[in-house]
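Notes for the one structure printed next.
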Amino acid sequence: MVGAFIIMTATDAASPLLERVARGDSKSFEDLYDRYSPMLYAVLLRILGKPEDAQEVLQETFVKVWTNATLFDKARGSEAAWLISIARSRGIDRLRSRRVRTDRENEAGREITSNGPISPGPSGLESAVQSETRDAVRSALSELPDAQRVALELAYFEGLSQSEIAARLGEPLGTVKTRMQLGMKKLRERLRVMR
Amino acid sequence: MTHDELEGIAALDALGAATVEEQTAFFSHFEDCEYCHEIADDYAEAASYIALQLQPVAPPSGLRSRILSAVEHGEDTIDGAITTLTTQRRMRVRPWWLATAATLFLALWGWREIGIRVLRERSISQNAEIARLEEENAMLKSQRDKVAADLGAITNANTRVFSLAGQRVSPAASAKVFLVAAEHRAIIVFSNLPANPSDRSYQLWIIRADKPKPDSGPVFDVTPAGSATLSVDKLPVGTELKGLAVTLEPRGGVPQSTNGTFYVLGKV
């Protein structure tokens, strides 16, 4: 893999939960849920805004994971990236189909608070690793020019096309495309260095 | 298309922002290029980093138990759980579903009620028709029994047969009398009598040897062809019975003949 890097790192690589889930191990599925559901729920809340939508899609996501775990290929990417891609894809699909974009930012908020007990949640070590990863990602994103970061987030969390982002930002389409490509390239390089 | 250009498309595609044309160009090259496979995987991984900046949020604890419980009961149950959840939620957030469902239910209920009412009316009508047919059937059965009895009498070896002849006012008329002595009855078959007016009936007279005046018998009408069949009971069958005659009398009959004009007449 060119410049291969793995998110979630030690926990991820040392405990290929998805491989055991693919063999029908329900205990590993529980561990997988405990480890990743807070992260995936946060992503879905950010995309969908409404908790009930996010919970519904989170449930769909884990069912899909349970039934499609055999499709995971650790040689192509990390467990977390695979799970995030499924949740994000289903979240964007839901967002587009229901067109629940209004008030999303207000409801999601910039700082989302927990609405329920995390039980049992990631272990202490896993939490520490996740927190470290999160800080590194925030740092990497903060190093991007605002224009590039905003364009990436609009595409990633709102599922907007290039032309929709250009219209939203009032910028030429070519400019937006270049910003997105540069932003992704820098993010990839920055995180590769971080590894 | 150069690899730099393809890499740019891979970056956009990882965000879900590549256009259809860009995706087509990339994936037509992608299948045969290991380098582009790795680039695409790298950018997909990098895109997921954007999600990792978010502070994790605990989902409701009930969701965990629901999903895990569903998994324990198998894949189908999981789908069922989702369907239920989805249905409940859709009903909760979209009240128009309730209105639509209620309208549909009322329409179906109304349609069913109308159907039941129609069936009930049809049933009542059919029951009335059945009663009418049963009555008709009983009548036909009675007629059949009578015809059978008459035939039995006519064909009995002990039955006496004699004729009544047409008279001056009706020379073509005639009648055949089948006298069943054992039963004191006779069956009389009339032919070619003139059609009787609506206010008058034919009346049979029983001429007796032991009485100066004939006994009045039953009245009858004839068909347009001039025929009729009469069954007469309680006839004197010994030497008292001398003959039979028919006159035209006021409708309903009279105790004594009002005229001496016979239409058919015959001796026993």
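Protein sequences, first through last, are from chains L and B. Under the numbering used here, think of the first position of the first sequence as 54, with each following residue one higher. Under the numbering used here, think of the first position of the second sequence as 2, with each following residue one higher. For every residue, glycine included, the Cβ atom is placed at its ideal position computed from N, Cα and C.
Query raised in the report: Taking residue 251/B as the reference, which of 100/B, 219/B and 73/B has the closest Cα?
Result: 219/B
Query raised in the report: Would you say residue 174/B and residue 192/B are within 9 Å of each other, going by their C-beta atoms?
Result: yes
Report task. Please say whether residue 11/B and residue 40/B have beta carbons closer to each other than 9 Å? Result -> yes
Query raised in the report: To which residues does DSSP link residue 217/B through a beta bridge?
Result: 206/B
Report task. Report the three-state DSSP secondary structure of residue 18/B (helix, strand or coil). Result -> coil
Requested in this report: Check the Cβ of residue 238/L against every Cβ in chain B and list those closer than 7 Å, keeping chain order.
Outcome: 12
Query - C-beta contact flag for residue 100/L and residue 117/L at 9 Å - result: no
Requested in this report: Give me whichever residues DSSP pairs with residue 125/L in a beta bridge.
Outcome: Bridge partners of residue 125/L: none, in fact.
Requested in this report: Identify which residue in 238/L, 113/L, 203/L and 189/L has its Cα closest to the Cα of residue 223/L.
Outcome: When each option's Cα is compared against that of residue 223/L, the closest is 203/L.
**Report entry** Buried versus exposed call for residue 248/B [16 or more other C-beta atoms within 10 Å across all chains shown]
**Finding:** Buried: at least 16 other Cβ atoms inside 10 Å.
Query raised in the report: Is the stretch 74-90 of chain L in contact with the stretch 123-136 of chain L, if contact means three or more CB pairs nearer than 8 Å?
Result: yes
Requested in this report: Anything in chain L within Cβ reach of residue 9/B, meaning under 7 Å, just list it in chain order.
Outcome: 234
Query raised in the report: Quick one, are the C-beta atoms of residue 15/B and residue 48/B less than 9 Å apart?
Result: yes
Query - Whole-angstrom distance between residue 211/B and residue 260/B, CA atom to CA atom - result: 22 Å
Requested in this report: Would you tell me roughly how many angstroms separate the C-alpha atoms of residue 218/L and residue 151/L, rounded to the nearest one?
Outcome: 19 Å
Report task. Tell me whether the beta-carbon of residue 255/B lies closer than 9 Å to the beta-carbon of residue 217/B. Result -> yes
Query - Segments assigned alpha helix (DSSP H), at least 4 residues, entirely inside the stretch 29-62 of chain B - result: 35-53
Query raised in the report: Near residue 185/B, what residues of its chain come up, given a Cβ to Cβ distance below 7 Å and the 5 sequence neighbours on each side ignored?
Result: 234, 235, 236 and 238
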